[in-house]
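Please read the structure below before turning to the comments.
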Amino acid sequence: MKEGYLQKQGQLLKGWKKRWFVCDGRTLSYFHTNLDKTPSAIIPLETATVQDGGTSERWNGPRIYVTDTISGVVYCVSGEDSTSVLQWLVILQRAVQRICDAKAEHINAPLRQKSHSVPADLKATDTAFGGSLRRPTASVSASNVLSNTTASSKRSKSTSHVTSKPVNLSTTLRLENDLAVAKALLGTLLFQHSRFHVMSNVHHHPNLRIGFVTDPVTGKAYLRGSIVLDVVPALALRLLLDPQKRPEWDVHFPLASHVASYGGATALLHLASTSSVPFMPAAEYVTLLVVVACAAVAALAMSSQSLMHAANAAVVGALLGSLLVITVSPQTLWRHAIQRRDLLLLRHVFEAQSSANSVTLSTNDAMVVAELSVVNELKPVTQSTIRGRVSISGWLVQSLGTDATLVTHVVDNVNLNGWLPAAVSERVARGRLSKCLPALASFVQHAQTQGSHCGYHDDLFDIDATAVIDEEEDEDDATDSNDLLAPILPLDPPHVGPSALGFHPRQYMQAVVRNPAGGVTLTDKDVAKKQNGVVMEVIKTMGTKLLDGKSAVSLSLPVRIFEPRTMLDRLVDFYMYAPNYLSAASDATDAVERFKLTMAFAVAGWH
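Residue numbers (the working numbering): 26 to 632.
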């Protein structure tokens, strides 16, 4: 591993910028400074090339060209110290060579007994996406995708039937190729609006649009539907990825569980049905047919008698037919005649990118969830179920504004296997759009009665908590508010005002929605106005410092903490981390006490 400052030429080739570079043997990352925790870019050396660019005219030293073959971006790096730049060149070339050698040894090595996933149907996978195998892409876990989707689902308040912890697996070359082709195909299907044809034989929801879209390469048609949800995109994505919320909207496979994780935003998901009734058509016409048939048979049996006897026989036959339908319903027959189905899907969440115009959308505005069937020994097929297969399906979550999200679903025909005909599989595929999408919208509408968070109660201080203290317990339990502040504050202030006693982090979290990638999204417009007022006040009072080129860090709180009354009471709503520190500092009368609380706030979360 090597790290240090180097000069990086800008993408527009207009100048050089000093950046902190870190090489861990598999990736090359650079930061603005050595104090930053989030890298500006991560270059996987697995798919990168390192070349000697000769002597730099600007620095009169060696120049290094690092090319990311996935994105096509070329990074030009140099520096004042020629010896250090030469060391970087040797280290990067050795790292790339070591990765290539390890990859060659892995390909030539004999097969070992290892738990891994393979495509559900090798022949179908080769041709389902209309393309041949590609070169191995960058590691799925190193993609710029949401990395906390699995952890976010654990924070929901419910009692799940799945309690086992998912195991961690490593992807194979085959799976990474399939994911790369699936991502390219979904980028085409989800953004080809001109090829969308509305289907007239499907019942429509007021906000639902169902049709089919055609792959321009293979000419194959895929079903696609879209619906508008009145929630923020982060919450819509969380509802789709949460296995404990799936019974609320998935009418075909309501039981969901995480089998394994491949790191980052790639996981192995198992879906199962509770019965065979959702796969079969409605049985009203079957009921009517049985009643009419029984009445007709009884009337024909008594046709030799008088007309009155035939009519009485028809009535008795209809009653017997109704009794037969009640005792032995078609649903009961289907339940015994058809086995349950399940699916084993490889799910990958990534940032939406349209292949039509090669423009990457914002991560907060558009995310894609890709799903394709695989085979894995961790979840074998049981005797009571039949394993179905979906060659590809995907979800697109797009932002339409502050409180609206467009959810688009693309699915291929769901192969239920067994003795069921292909028409049943096609009807189930259409039902994935005509039933699941309206059910999702209906659940969101009813869940909003619990607040804008749709039933998610996340504790501010315990992010990974699986349960949340009920508000009823808070009302019944006469706990002093000082006890709530005792484990948080580093010292016991001599005087705490009423505003600090009445504050609890849950009040703030009810106005925001937690993002799967981390952080929160504000949904309360009143709080947003207050925050905007705080920002405008800071700009008005200290705008001259910003115009002089000083950093916003210079506008820190300790500059004005010795005033009798400051903006600390308003900053309690503005800052998310450790608000109890500022609330207690705002009501403190002693300047030293206020200084201690403010610095404790800065150390605890303001970094």
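Here a beta-carbon is modelled for each residue, glycine too, at the ideal position from N, C-alpha and C.
| request: Report, in whole angstroms, the separation of the C-beta atoms of Glu-6 and Trp-41, which I expect to be a contact under 8 Å. | output: Residue 6 cannot be examined here, being either before or after the span of the chain that is shown, 26 to 632.
| said: Using 8 Å for Cβ pairs, my map puts Thr-439 next to Ser-424. What's the rounded Cβ distance? | reply: In the sequence under discussion, the amino acid at residue 439 is Val, which differs from the Thr named in the question. Cβ-Cβ separation between Val-439 and Ser-424: approximately 29 Å, too far for a contact (criterion under 8 Å).
| field | Beta-carbon proximity check, Leu-431 vs Leu-254, cutoff 9 Å | value | Yes.
| said: By alpha-carbon positions, which one of Pro-268, Ser-81, Ala-205, Val-400 ends up nearest to Val-110? | reply: Checked all of Pro-268, Ser-81, Ala-205, Val-400; the closest Cα to Val-110 is Ser-81.
| request: Can you tell me which of the three DSSP states Ile-95 falls into? | output: Here Ile-95 sits in coil by DSSP.
| Taking the beta strand (DSSP E) that Gly-78 falls in, what are its first and last residues? | 73-81 is the extent of the beta strand (DSSP E) around Gly-78.
| task | Figure out for me which residue from Leu-200, Val-415, Ala-318 has the closest Cα to the Cα of Tyr-287. | result | Answer by Cα proximity: Leu-200.
| query | With Ile-116 and Cys-48 assumed to form a contact (beta carbons below 8 Å), what rounded beta-carbon distance in angstroms separates them? | reply | The beta-carbon distance between Ile-116 and Cys-48, rounded to whole angstroms, is 6 Å. This is short enough to meet the 8 Å contact definition.
| request: Would you give the residue range spanned by the alpha helix (DSSP H) that His-471 belongs to? | output: Segment 461-472, the alpha helix (DSSP H) holding His-471.
| query | Going by DSSP, which residues form a beta bridge with Asp-367? | reply | In the DSSP output, where bridge partners are listed per residue, Asp-367 has Ala-297, Arg-412.
| task | Name the two residues that bound the continuous beta strand (DSSP E) containing Val-393. | result | Per DSSP, the continuous beta strand (DSSP E) segment holding Val-393 begins and ends at 391-401.
| query | Is Val-394 near Leu-204, with beta carbons less than 9 Å apart? | reply | Contact: no.
| Can you tell which of Ala-120, Glu-376, Ala-466, Ile-417 has the C-alpha that lies nearest to the C-alpha of Lys-245? | When only C-alpha atoms are compared, the closest one is Ile-417.
| Hey, how far is the Cα of Val-121 from the Cα of Thr-72? | Across the structure, Val-121 and Thr-72 are spaced so that their CA atoms are roughly 9 Å apart.
| Inter-residue spacing [alpha-carbon to alpha-carbon] between Thr-108 and Asn-85 | Computed Cα separation, rounded: 12 Å.
| request: Take every Cβ of the stretch 267-282, pair it with every Cβ of the stretch 459-471, and state whether three or more of those distances are shorter than 8 Å. | output: Touching, per the Cβ criterion.
| query | To the nearest angstrom, how far is it from the Cα of Leu-215 to the Cα of Gln-269? | reply | A straight line joining the alpha-carbon of Leu-215 with that of Gln-269 spans about 26 Å.
| request: Alpha carbon to alpha carbon, how far is Ala-318 from Val-340? Give it in angstroms, no decimals. | output: Val-340 and Ala-318 have their alpha carbons spaced roughly 12 Å apart.
| request: Give the DSSP-derived three-state secondary structure of Ile-116 in the structure shown. | output: Ile-116 carries a helical assignment under DSSP once its states are collapsed to helix, strand and coil.
| query | Grouping DSSP H, G and I as helix and E and B as strand, with all else coil, what is Gly-440? | reply | Note on residue identity: the sequence assigns Asn, not Gly, to residue 440. DSSP places Asn-440 in the strand class (E or B) of the three-state scheme.
| DSSP on Ala-66, reduced to helix/strand/coil? | The DSSP-derived three-state label of Ala-66 is strand.
| query | Does the Cβ-Cβ distance between Thr-410 and Arg-372 come in under 9 Å? | reply | It is not a contact, given that the beta carbons lie outside the stated cut-off.
| task | With Ala-261 as the anchor, note down where its alpha helix (DSSP H) starts and where it stops. | result | In the DSSP assignment, Ala-261 falls within the unbroken alpha helix (DSSP H) covering 258-266.
| request: Use the C-beta contact count for Leu-194: other C-beta atoms within 10 angstroms, 16 or more gives buried, fewer gives exposed. | output: Leu-194 is buried by the Cβ-count criterion.
| Which residues does DSSP pair with Gln-122 in a beta bridge? | Gln-122 is not bridged by DSSP to any residue.
| DSSP bridge partner residues for Tyr-55 (one or two, in chain order) | Tyr-55 is bridged to Phe-46, Ala-66.
| query | Going by beta carbon distance, what residues of the same chain come within less than 6 Å of Asp-594, once the five residues before and after it are set aside? | reply | Residue placement at Asp-594 is poorly supported in this model, since its pLDDT is 49, which falls under 50; the coordinates are not used for a value here.
| request: Pull up the DSSP beta-bridge partners for Gly-29, would you. | output: DSSP output for Gly-29 lists Phe-46 as bridge partner(s).
| request: Compute the Euclidean distance between the alpha carbons of His-471 and Leu-210, then round it to the nearest angstrom. | output: Going by the C-alpha atoms only, they are around 34 Å apart.
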